[in-house]
Amino acid sequence: MSNVDELEALLRPPAMEMPPYPPKVITLASGEQMVVRQIDRDEVPTLLKAIAPLIWVERDFYDVVAARLFGELLAYKRYRVRDEYCLVGLIDGVLAGIVNGRAVNGDVGMSYHTITIRRGLRVGSHMFAAKMEYHMEYLNQKEVLIVAESPIGFRRWMIEYPLQKKYEVQHELGGVPSWTLTRDTYFKAKPRLVSGRRPVPPELLERAKTITLPGEETVKAQVLGEKGEGA
Amino acid sequence: MREVAIIGAGMTKFGRSDLSLIEIMSEAAIRALEDAALGDQKVDSVYVANMGAARLNRQTAIASALVDQLNLFPAMAEAVENGPASGASAFKNGFQAIASGMADVVLVTGGERMREVNNLEATDFVASMSHPQAEYIYGVTLPALAGMFTRLYMDRYGVTAKHLALVAIKNHANALKNPYAHIHQAITIEGILTAPEAVVNNPYIADPLRLYDCCPVSDGAAALVLTTREIAEKLGKPIVKVGGIGQATDTHAVHERPDPTELTAVKIAAQKAFQMAGIGPQDIDVAELHDAFTILEIAESEEAGFFPKGEGHNALEQGVTSLGGKLPINPSGGLKAKGHPVGATGVAQLVELTWQLRGAAGDRQVEGAKNAFACNFGGFGNNVVTTVLMREE
Amino acid sequence: MEEKVYGVQCKTCGKETYPAHAVCPNCGGHDFEPLEITGEGKVLTYTDVYALPLDYALRYLRLAIVELDSGLRATGQLVDDDPKIGKRVRTTVGVVRETGGRKIYGLQFVPV
Ligand SMILES: [Zn+2]
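As you go down the protein sequences, you meet chains Y, B and U in turn.
First residue of the first sequence: 1, per this note's numbering; consecutive thereafter.
First residue of the second sequence: 1001, per this note's numbering; consecutive thereafter.
First residue of the third sequence: 2001, per this note's numbering; consecutive thereafter.
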């Protein structure tokens, strides 16, 4: 028995002290309130249920992003990725978007994935911005390494911020080399890309305590752009 | 000239489609043909409205392809390309064929499959309408032309960001009542304009125009069946008569217009359609205007003669153009929220108005609508087709 | 490199147009002389475009319609950090687009 524990200790990466992401609330175009908060490991199985059906959706590279995010979150739950975190966006408790990433060390962050469940309300944009906010303002890192795996991501992150090429560094996702968000770029982009209010009113926070999943059909309809803003 | 009536109308849901261009056009055409219930009567001629099949879908000669799908041999068939006004242009050709006696039954089908390419490519495709040497090379896009137009309009007539937002909010609300609309999403003034988050929710596309001032990129098709008044009566159809059609052109480069805030082609085309119909703007009960950008709904409502120049935004603010108002504009959701598959748009506007005049527009029905007006706007107003439809008891 | 932008002047009636047309909008004439588009004028309207077509890896592009003192108008890129309707500008010519490795020259307006 103690052998297993010793082995697990060898397999489990050491963890760095990471301050939590304080929840915030964002008013969306529809007037709905989206609470963005960090999840803990116990909530991962719920998210996996939402992500799994998207693994077979080719449109807009949902398949690639969903499959990789599934693996990353599962590994997070089972202590196989070092210093990972995950933030969710919830509208009335219903899952609207997920982002994740990790701290490489005190100075460098590594952005993993952004997946939008409720499309057409710039949820992806808000969630990506929340992730950058976490790295820059709460982990106080110097830079975040980022890649895009879809044209939408490229346009959102690389051009909107805009990120700088850092091709001498290979991103952990293994695709194209890295792009980087520096503190300088982040604080310049912040007024037009990062929003939300704190503290979240208690009743809103209470409703965001439990993650409710939209039905699989609803998720697919939203993701395939049959609802909401197509662009 | 023979009188012409619409006896069949149908469309696909606008949005994103996995079907091919010919498949979505077939779907709309079959719906319109079923609605027309022609019996022994054959389709003599087919007019297809489309702007980008050659570039977006790598297919040409699409009218022949559609006839083949629908087994309409040996009907005459051709495609009409007139930018985003292709739909109403094709309709005009169908009207002429019947009015002249060249054909007795015509199928008009407009369709576009834009999402086969990515958004950058789609933007560039639409931008290729602009003047190649004097506009396009500078990075001019349709949103850019609309943005410059909007800035001047705001400066001159007191239109504000709030008025633009009100157009979007109204048309998104209307689209919620239209099962065929691309976008089923209510939006609020807080979310797109007044909340601090609005800068993220509603970013600038071509300042002062923002995301929610611009129509989405859509796939979709719409179709109409036209015939003579006699055949329509014989088939026992409710008569939706084509009262008048007007068309006018304007300079290719927008900067060459004597007053770039005037959409002269809209004004002339509307006057011609009203003259032909023998009625005026005051007789119209419902209108579908080409709101590819929110400002265009306001500007066209003035040029068409519904409101004096510079006062369209006041009428909008007073609710005159909302469902339940005196002159509802874009009950379908307009291009803004119903979507804008460019070749389909002009036909889809007339499909909506046909349903409105038949009293078959569901929750978005304009009560007792008798006369209807459509404006289909090509380029940035360099080729405009307007139509007046009239219900006869 | 000397790059210029040209409109035309009608040889029959003297009417200046930009861009060129095959038929003079004033007199119907067909004979034209090249007319360099240059000089000072004022900004009629402008926009910052974020939805850019292919060939631009920028966040946005600033475009304007300028009315030259000659009365001719032209669309081009506005190189000015503080744009305003009515502001005085003059024409310059620079690279306005690069497509397939080819540089395209056109009008760029700068404040006077
Ligand atoms: Zn002349």
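All residues carry an ideal CB built from backbone N, CA and C; glycine is no exception.
- Here Pro-20/Y carries a coil assignment [DSSP, helix/strand/coil].
- Per DSSP, the beta-bridge partners of Asp-2048/U are Arg-2062/U.
- Thr-1228/B has Val-1004/B as its beta-bridge partners, per DSSP.
- By the neighbour-count criterion, in which a residue is buried when 16 or more other Cβ atoms sit within 10 angstroms of its Cβ, Asp-1259/B is exposed.
- Non-local beta-carbon contacts of Leu-1335/B in its own chain, meaning distances under 8 angstroms to residues more than five positions away in sequence, involve Cys-1215, His-1290, Asp-1291, Ala-1292, Thr-1345 in chain order.
- Between Ala-29/Y and Ile-1192/B, the beta carbon gap of about 5 angstroms places them in contact (Cβ cut-off 8 angstroms).
- With fewer than 16 other CB atoms across the displayed protein chains lying within 10 angstroms of its CB, Lys-2084/U is exposed.
- One thing to note: Thr-1060/B has its Cβ no nearer than 7 angstroms to the Cβ of Val-1167/B.
- Annotation: Cβ neighbours of Arg-192/Y in chain B (cutoff 8 angstroms, chain order): Val-1199, Val-1200, Pro-1203.
- Fully enclosed beta strand (DSSP E) runs of no fewer than 3 residues occupy 1204-1206 of the stretch 1179-1207 of chain B, in order along the chain.
- Interface with chain U (7 angstroms Cβ-Cβ cutoff): Pro-162/Y is included.
- The continuous stretches of beta strand (DSSP E) do not include Trp-1355/B, which lies in the alpha helix (DSSP H) extending over residues 1342-1358.
- With respect to chain U, the C-beta atom of Ile-98/Y has no partner C-beta closer than 7 angstroms.
- Across the stretch 2053-2078 of chain U, CB contacts with chain Y closer than 8 angstroms involve Ala-2057, Leu-2058, Arg-2059, in sequence order along the chain.
- Contact holds between the stretch 2082-2101 of chain U and the stretch 1136-1147 of chain B, because three or more Cβ pairs, one in each stretch, are under 8 angstroms apart.
- Burial check for Trp-157/Y: the Cβ neighbour count within 10 Å reaches 16 or more, so the residue is buried.
- By the Cβ test, the stretch 1118-1134 of chain B is not in contact with the stretch 1031-1038 of chain B, since fewer than three Cβ pairs between them sit closer than 8 angstroms.
- It is roughly 9 angstroms from the alpha-carbon of Asp-1363/B to the alpha-carbon of Asn-1174/B.
- Not one beta carbon of chain B lies nearer than 7 angstroms to the beta carbon of Val-2095/U.
- Residue pairing for Val-35/Y: DSSP places it in a beta bridge opposite Val-25/Y, Leu-90/Y.
- The DSSP-derived three-state label of Met-1276/B is helix.
- Residue contact with chain B for Ile-117/Y: absent (no Cβ-Cβ distance below 7 angstroms to any residue of chain B).
- Interface with chain U (7 angstroms Cβ-Cβ cutoff): Ile-152/Y is excluded.
- Nearest CB-CB separation between Ile-146/Y and chain U: not below the 7 angstroms threshold.
- Between ligand 1 and Gly-1334/B, a heavy atom-to-CB distance of less than 6 angstroms is absent.
- Residue state for Ile-1298/B is assigned as helix, using DSSP reduced to three classes.
- Against chain B, the beta carbon of Ala-2051/U has neighbours under 7 angstroms at Thr-1123, Thr-1141, Pro-1143, Ile-1205, Ala-1206, listed in chain order.
- Counting C-beta atoms within 10 angstroms of its own C-beta, Thr-1109/B has 16 or more neighbours from the protein chains shown and is therefore classed as buried.
- If you ignore the 5 residues before and after Phe-128/Y, its C-beta comes within less than 7 angstroms of the C-beta of Val-99, Thr-114, Arg-156, Trp-157, all in its own chain and listed in chain order.
- The count of Cβ pairs closer than 8 angstroms, one atom from the stretch 198-214 of chain Y and one from the stretch 1175-1186 of chain B, stays below three, leaving the stretches out of contact.
- Pairing Val-65/Y with Glu-149/Y, the inter-Cα distance amounts to about 8 angstroms.
- Between the stretch 128-144 of chain Y and the stretch 172-189 of chain Y there are three or more C-beta pairs closer than 8 angstroms, enough to call the two in contact.
- The DSSP-derived three-state label of Phe-1307/B is coil.
- Proximity of the beta carbon of Gly-2071/U to ligand 1 is not indicated: no heavy atom of the ligand is located closer than 6 angstroms.
- A Cβ-Cβ contact shorter than 7 angstroms links Ala-1223/B with Gly-1010/B.
- For Val-1242/B, the closest of Gly-1094/B, Asp-1207/B, Ile-1024/B, His-1340/B by C-alpha to C-alpha distance is Gly-1094/B.
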